[in-house]
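Enquirer: Structure incoming, see below.
Numbering (our numbering), first residue to last: 15 to 841.
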């Protein structure tokens with residue numbers, strides 16, 4: 015594979031957002047002096063099958079195949095196209111006005127360099143095993159384990175410290191199982207499966223194609239007498255920095271519970287070569303330590319990573335553990351703790367790690383109290399944390415539904431397809447990696463872990479136009495989980511529909527922008543896309559502006575005024591053609607133009623294994639990490655069917671038009687100051703009223719702030735008292751530890767006995783590591799203990815002393831020097 019493939023691409027964001035000078039003056043009550051009102055009639059023709067799902071009112075959902083508020087579909091009962099029944103009971107298909115409005119607004123936002131107004135402000139999470147030294151693997155070295163329970167609205171974790179491992183073969187030996195053979199696919203096993211409270215007997219052989227068989231829940235149903243049950247540990251051994259357990263049939267002083275996690279793939283143990291696949295489970299030690307109250311932020315990230323908001327995407331394990339939590343039971347979790355607080359957690363050892371930054375943090379430069387051109391025309395609802403009434407605006411354009419002219423024989427054949435949802439967590443595509451196709455060797459990917467000031471998102475996502483739609487492109491249902499298939503009946507290509515756009519009090523430049531969005535600024539070879547199935551090539555439509563009301567020359571004039579407005583936006587930089595030559599417009603034009611057939615292969619989702627392999631690099635084999643490149647670099651075709659390497663630019667509307675040249679001269683004489691002055695004269699009473707309202711709001715805000723400050727002062731005083739009490743408690747513990755001392759260390763000859771004494775001493779002192787006041791005493795006693803130990807026990811000292819010292823002292827360098835010095839005393 016040479017480059018990352020995807021059916022979508024991105025229009026980059028222009029660094030400079032265009033805010034119209036008349037934005038504060040937009041009103042439905044006070045018309046502009048040169049404001050325009052009227053209706054545009056638009057004809058829509060389908061150039062591929064098209065599908066828009068039929069909406070269902072809440073009260074009518076009982077009559078549909080629904081579950082949890084989501085419409086379902088089957089091959090026999092596919093989703094229907096948007097429709098209604100007329101007075102005669104005949105089904106009438108239509109395209110909803112909201113779909114048309116969203117389609118054109120997305121184009122106008124690009125043409126007018128508007129803000130990024132619509133995005134999901136999530137904190138995504140990722141599990142990236144592509145490299146041992148990437149951001150994920152560096153972070154996932156310090157997991158601890160514990161038991162989480164829910165008390166009211168709080169989630170509390172009781173730590174068991176580091177988890178231990180136990181192999182499938184050891185479980186087989188201890189409990190007479192066939193776990194190892196089962197997960198190698200050698201045998202079939204019977205188990206009791208619970209689904210929606212119903213228990214049924216199943217008999218299966220493990221397959222990594224079945225999601226349920228890969229879940230931890232499946233293991234608990236296979237082995238109900240072992241999972242979450244107590245076992246006694248005979249001994250442990252180090253295996254690549256992991257403590258692997260051997261179980262005892264009799265009671266020992268080491269005890270723990272067996273915890274299962276998922277089985278993502280089959281275990282393979284070839285006669286030649288390295289084995290692969292999971293072969294170990296976990297034991298959570300009985301010893302319980304500190305309790306943590308998990309913050310609301312961490313819980314929110316935890317739930318989002320496991321799709322708590324979408325039942326259709328939730329895993330079997332998430333549902334299994336969620337049910338236990340809600341019942342008040344403890345559930346096993348892995349977590350990373352930092353400075354006494356839970357930083358992240360999950361249900362598997364290598365769980366999805368939340369990124370450092372949310373999506374919205376990368377758009378801070380575009381958060382402004384000014385209205386951009388798309389907001390001025392289409393309206394705006396401010397849904398931010400701090401709502402600004404100045405940004406609340408009703409739109410000045412209204413759309414009708416698009417009704418099809420032909421009334422019968424519109425439906426095509428049923429389509430069964432996997433309509434994947436792109437995930438913004440896949441940073442090789444969604445973040446601008448600053449590379450053509452490859453990321454240089456040893457250079458890490460840019461991710462959501464990086465400072466938003468140093469990283470740019472790829473831009474506005476769009477689905478490029480396909481040359482053809484063919485049902486052969488759809489994946490075969492063989493080997494596909496039928497539950498994820500969507501079944502729907504699109505309408506045929508070659509159909510015609512009509513709709514109207516009513517506009518009110520638009521300036522000529524604004525009307526020109528609206529017309530440019532409909533006609534792609536007069537570029538006949540461009541298409542819009544609409545509805546579901548765009549990754550497959552559905553939804554390709556062509557819009558034609560019917561100009562009975564507006565003469566052709568006026569249409570060109572309005573677009574010319576919009577073009578002039580945008581080019582004047584860059585005139586202070588000495589580049590009047592920058593708008594026409596800008597990267598956003600080049601990418602938009604390329605993606606709305608039919609491309610050559612040989613490039614269709616780039617408009618498909620990659621296979622799951624390709625998403626992983628794209629992140630790999632191997633300098634010896636010449637393999638580099640990959641990134642999604644801009645669409646113009648794939649060889650998109652320009653409107654005149656000539657291929658370019660840099661993308662085609664829009665043809666200026668003003669070229670060769672004497673009337674537009676006159677308009678340009680007239681507009682040049684109209685200054686922003688005059689427009690604002692005239693507007694302020696009419697808006698003065700409103701401005702004074704808004705000022706009074708703002709002053710009243712400010713007084714109320716100051717009052718609330720004072721109340722909050724008083725409350726915070728009480729909270730701070732209480733917190734200080736608690737901290738003082740905690741310090742006094744620690745001081746008492748340190749005094750008790752000092753009285754006991756480390757004298758017993760020199761009387762022991764085995765390192766394990768020494769470990770117990772030192773660990774208890776540290777715990778009694780209330781500290782994480784040994785205070786430096788006791789270092790010399792420990793060092794002297796260790797030297798005596800080692801010199802007194804028999805030669806058969808000294809091997810363990812030499813192997814583990816440095817590691818134990820590092821844990822006690824918290825300083826690997828000091829620990830290494832001490833170990834050499836102490837072990838050298840025996841010579």
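Even for Gly, the Cβ is constructed at its ideal location relative to N, Cα and C.
1. Between residue 758 and chain C, is there a C-beta pair that is closer than 9 Å?
2. If you draw a straight line from the alpha carbon of residue 537 to that of residue 577, how long is it in whole angstroms?
3. Should residue 24 be labelled buried (16 or more other beta-carbon atoms within 10 Å of its own) or exposed?
4. Do residue 824 and residue 784 count as a contact pair if the criterion is CB distance below 9 Å?
5. By DSSP, does residue 388 sit in helix, in strand, or in coil?
6. Leaving out five residues on either side along the sequence, give the residues of the same chain with a beta carbon under 6 Å from the beta carbon of residue 94.
7. Taking buried to mean at least 16 other C-beta atoms within 10 Å of its own C-beta, is residue 406 buried or exposed?
8. Three-state secondary structure (DSSP) at residue 446?
9. Measure the alpha-carbon distance for residue 466 versus residue 29 and round it to whole angstroms.
10. Just tell me which of 710, 480, 128 has its CA closest to the CA of residue 598.
11. Could you pull out every residue in the same chain whose Cβ sits closer than 8 Å to the Cβ of residue 99, ignoring the five residues on either side in sequence?
12. Let me know the secondary structure DSSP gives residue 235 once reduced to three states.
13. What's the C-alpha gap between residue 354 and residue 624?
14. Taking C-beta to C-beta, are residue 308 and residue 529 nearer than 9 Å?
15. Is residue 342 buried or exposed, if buried means 16 or more other CB atoms sit within 10 Å of its CB?
16. Can you tell which of 352, 140, 115 has the C-alpha that lies nearest to the C-alpha of residue 885?
17. How far does the beta strand (DSSP E) with residue 99 in it reach, from first residue to last?
18. Only counting the same chain, and skipping five residues up and downstream in sequence, which positions put a Cβ closer than 7 Å to that of residue 366?
19. Check the DSSP bridge columns for residue 93 and list the partner residues they point to.
20. Going by DSSP, what residues sit across from residue 244 in a beta bridge?
21. Pull up the distance between the alpha-carbon of residue 420 and that of residue 57, whole angstroms please.
22. Kindly give me the distance between the Cβ atoms of residue 768 and residue 799, rounded to whole angstroms, as I take these residues to be in contact under 8 Å.
23. Taking its Cβ as the centre, do 16 or more other Cβ atoms sit within 10 Å of residue 202, making it buried, or is it exposed?
24. Terminal residues of the continuous beta strand (DSSP E) containing residue 276?
25. Quick test of your reading: residue 291 and residue 285, contact by CB under 8 Å. State the CB separation rounded to the nearest angstrom.
26. Kindly indicate which three-state DSSP category residue 296 falls into: helix, strand or coil?
27. State the start and end residues of the unbroken alpha helix (DSSP H) segment that holds residue 774.
28. Have a look at 301, 511, 118, 135 and flag the residue whose alpha-carbon is nearest the alpha-carbon of residue 161.
29. Are the CB atoms of residue 240 and residue 189 nearer to each other than 9 Å?
30. At a cut of 8 Å, does the region 374-392 reach the region 32-40 through at least three beta carbon pairs?
31. Check whether the Cβ atoms of residue 376 and residue 471 sit closer than 9 Å, and answer yes or no.
32. Using the C-alpha atoms, what's the distance from residue 829 back to residue 838?
33. What distance in whole Å lies between the Cβ atoms of residue 184 and residue 261, which are believed to be in contact at a cut-off of 8 Å?
34. Report, in whole angstroms, the separation of the C-beta atoms of residue 269 and residue 258, which I expect to be a contact under 8 Å.
35. Among residues of its own chain, excluding the 5 on either side of residue 462, which ones have a beta-carbon nearer than 7 Å to its beta-carbon?
36. Mind checking who residue 170 pairs with in its DSSP beta bridge?
Expert: On the basis of the coordinates in this document:
1. Among the chains of the structure shown, chain C does not appear; only one protein chain is present.
2. 14 Å
3. buried
4. yes
5. helix
6. 68
7. exposed
8. Coil, per DSSP.
9. 14 Å
10. 128
11. 105, 106
12. helix
13. Here the alpha carbon of residue 354 sits roughly 39 Å from the alpha carbon of residue 624.
14. Not in contact: residue 308 and residue 529 (Cβ atoms no closer than 9 Å).
15. exposed
16. Past the boundaries of the shown model lies residue 885; the chain is included only from 15 to 841, so the question cannot be answered.
17. 97-99
18. Its chain contains 139, 140, 141, 319, 360 as the residues whose beta carbon lies nearer than 7 Å to that of residue 366, once the 5 sequence neighbours on both sides are disregarded; these appear in chain order.
19. 502
20. 271
21. 13 Å
22. 6 Å
23. Residue environment: residue 202 is assigned as exposed (fewer than 16 neighbouring CB atoms within 10 Å of its CB, all protein chains considered).
24. Segment: none, residue 276 is in no beta strand (DSSP E) and carries neither H nor E.
25. Separation of the CB atoms of residue 291 and residue 285 is rounded to 15 Å, and the pair is thereby denied contact status at 8 Å.
26. strand
27. Looking at the DSSP string, the run of the alpha helix (DSSP H) that includes residue 774 is 765-779.
28. 301
29. Yes.
30. yes
31. yes
32. 14 Å
33. 6 Å
34. Going by Cβ atoms, the distance from residue 269 to residue 258 rounds to 17 Å, so no, they are not a contact pair.
35. 138, 369, 370, 371, 441
36. 163, 307
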